[in-house]
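Peer 1: The numbering used here puts the first residue of the sequence shown at 5, with every later residue one more than the last.
Just so you know, even glycine gets a beta-carbon here, dropped at the ideal spot from N, CA and C.
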Amino acid sequence: AERRSDFVAAVSHELKTPLTAIRMYGEMLRDGIVPSDANRQEYYRHITAESERLSRLINNVLEFARLEKGTRDVALTTGAVEPVVREAVELVRPHVEAEGFVLRVESDGALPPVRFERDALLQVVFNLIDNAVKYARDGAERWVLVRTAAADGGVRLAVRDSGPGVPARHLPHVFEPFYRGERELTRRHKGTGLGLALVRGLVERMGGHVRGRNLDGGGFEVTIDFPSSRG
């Protein structure tokens with residue numbers, strides 16, 4: 005109950021922030037007080053970016069509600085995951101780079117076809133990158149690496165960050181709904197506590213497996229294994 009209460013507070017905060025920015029930039033443009041075309045274009049970019057952030061948040065809440073109710077069906081198709089992963093990366097790249105991060109993508113090359121749903125995979129990648137950016141801000145370096153590789157006849161998708169990793173006491177709980185590891189009134193990281201829970205729910209609906217771990221070289225990594233389409 006306490007986590008759900010914190011979740012309501014977090015969602016309210018996360019909704020308020022982009023809405024406030026959109027309203028501020030919109031009012032300045034409406035009132036004609038933006039001095040130059042360059043400034044106007046910058047404000048348009050801010051409005052678009054904040055709108056996209058708002059859309060992702062709302063989609064997360066709606067998707068999680070459907071998963072909780074058991075009404076989220078996935079329409080699986082067989083194909084290549086790499087083009088969809090790269091599409092997701094390019095869609096969030098402006099947001100990631102605006103936060104001062106380098107976003108890299110690597111692939112082992114030809115990968116076997118697997119079963120997945122495009123929309124679910126897009127949302128999974130969005131959430132993994134967003135999570136990496138939130139919790140790697142305290143790292144000495146700022147980068148996120150998205151990697152795809154063949155594994156056990158299927159495909160492994162990994163998202164790694166350059167942050168300090170997850171404290172050991174929180175590691176077993178990171179995929180639980182509403183779990184944040186920080187008290188709501190004193191937390192330093194934005195978010196609703198739904199991102200990784202939604203990742204796990206969508207991946208499992210697609211027949212995959214997800215896990216998170218701290219790496220010896222530093223940083224936190226989430227890996228997703230998509231089994232072979234022949235499995």
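(1) Contact between the stretch 175-182 and the stretch 109-123 is defined here as three or more beta-carbon pairs at a separation below 8 Å; is this criterion met?
(2) Going by C-alpha to C-alpha distance, which of ALA153, TYR47, LEU126, ARG34 sits closest to GLU110?
(3) Apart from the five residues just before and just after ARG192, which ones in its own chain have a Cβ nearer than 6 Å to its Cβ?
(4) For the 8 Å Cβ check, are there 3 or more pairs between the stretch 55-71 and the stretch 197-211?
(5) Using CA atoms only, rank isn't needed, just tell me which of ASN43, ARG141, PHE130 is closest to GLU56.
(6) Between GLY216 and VAL207, how many whole angstroms is the CB-CB distance? I'm expecting something under 8 Å.
(7) Indicate the three-state DSSP secondary structure (helix, strand or coil) for GLU232 in the structure shown.
(8) So, helix, strand or coil for ARG76, using DSSP?
(9) CB-CB under 6 Å to ALA25, same chain, minus the five flanking residues each way: which ones, in chain order?
(10) Once the 5 residues before and after GLY83 are set aside, which same chain residues still bring their CB inside 6 Å of it?
(11) Closer than 7 Å by C-beta to VAL78: which residues in its own chain qualify, once you throw out the five before and the five after it? Chain order, please.
(12) Does the distance from the CB of GLY3 to the CB of GLY167 come in under 8 Å?
(13) Measuring only the C-alpha atoms, how far is MET28 from GLU94?
(14) Tell me whether the beta-carbon of GLY157 lies closer than 8 Å to the beta-carbon of SER232.
(15) Bridge partners for ALA155 per DSSP, in chain order?
(16) Throw me the rounded Cβ distance for the ARG108 and LEU161 pair, which I believe falls under 8 Å.
(17) Assuming contact is defined by CB atoms lying nearer than 8 Å, are ARG44 and LEU33 in contact in what I supplied?
(18) So for ARG173, helix, strand or coil by DSSP?
(19) Relative to the alpha-carbon of ASP134, which residue among GLY74, ARG119, PRO98 has its alpha-carbon at the smallest distance?
(20) Checking 8 Å against the spacing of the C-beta atoms, do ALA136 and ASP165 come in under that value?
(21) Return the CA-CA distance between ASP41 and ILE228, expressed in angstroms with no decimal places.
(22) Which word fits LEU23, buried or exposed, when buried means at least 16 other C-beta atoms lie within 10 angstroms of its C-beta?
(23) Could you check which residue in VAL159, VAL100, VAL128 has the C-alpha nearest to that of TRP147?
(24) Do the CB positions of LEU126 and ALA92 come within less than 8 Å of each other?
Peer 2: Considering the structure as presented:
(1) The stretch 175-182 is not in contact with the stretch 109-123.
(2) Per the Cα distances, ALA153.
(3) Summary for ARG192: the model assigns pLDDT 48, below 50, so the residue's position carries little reliability; its value from the coordinates is reported in the next sentence. Excluding sequence neighbours, ARG192 sits near nothing in its chain.
(4) Taking 8 Å as the limit for Cβ pairs, the verdict is that the stretch 197-211 does touch the stretch 55-71.
(5) Nearest option by C-alpha distance: PHE130.
(6) That belief does not hold up - the Cβ atoms of GLY216 and VAL207 are roughly 12 Å apart, past 8 Å.
(7) Checking the displayed sequence, the identity of residue 232 turns out to be Ser instead of Glu. Correct three-state label for SER232: strand.
(8) Residue state, collapsed to three classes: coil.
(9) Closer than 6 Å at the Cβ level, and outside the excluded window around ALA25, lie GLU54.
(10) Cβ within range, chain order: PRO117.
(11) Cβ neighbours of VAL78 beyond the five flanking positions: GLU121, ALA124, ARG209, MET210.
(12) A question about residue 3 goes unanswered here, because the residues of the chain that appear run from 5 up to 235.
(13) For MET28 and GLU94, the distance between alpha carbons rounds to 27 Å.
(14) Yes. Within cutoff.
(15) The partner list for ALA155 (beta bridge, DSSP) reads GLY158.
(16) About 14 Å; that fails the 8 Å criterion.
(17) At the C-beta level, ARG44 and LEU33 come within 8 Å of one another.
(18) In the structure shown, ARG173 sits in coil (DSSP, three-state: anything other than H, G, I, E or B).
(19) Per the Cα distances, PRO98.
(20) Cβ atoms of ALA136 and ASP165: closer than 8 Å.
(21) So the alpha carbons of these two residues sit roughly 44 Å apart.
(22) Within a 10 Å sphere around the beta-carbon of LEU23 sit fewer than 16 other beta-carbons, which makes this residue exposed.
(23) For the residues VAL159, VAL100, VAL128, the minimum Cα distance to TRP147 belongs to VAL100.
(24) In contact: LEU126 and ALA92 (Cβ atoms closer than 8 Å).
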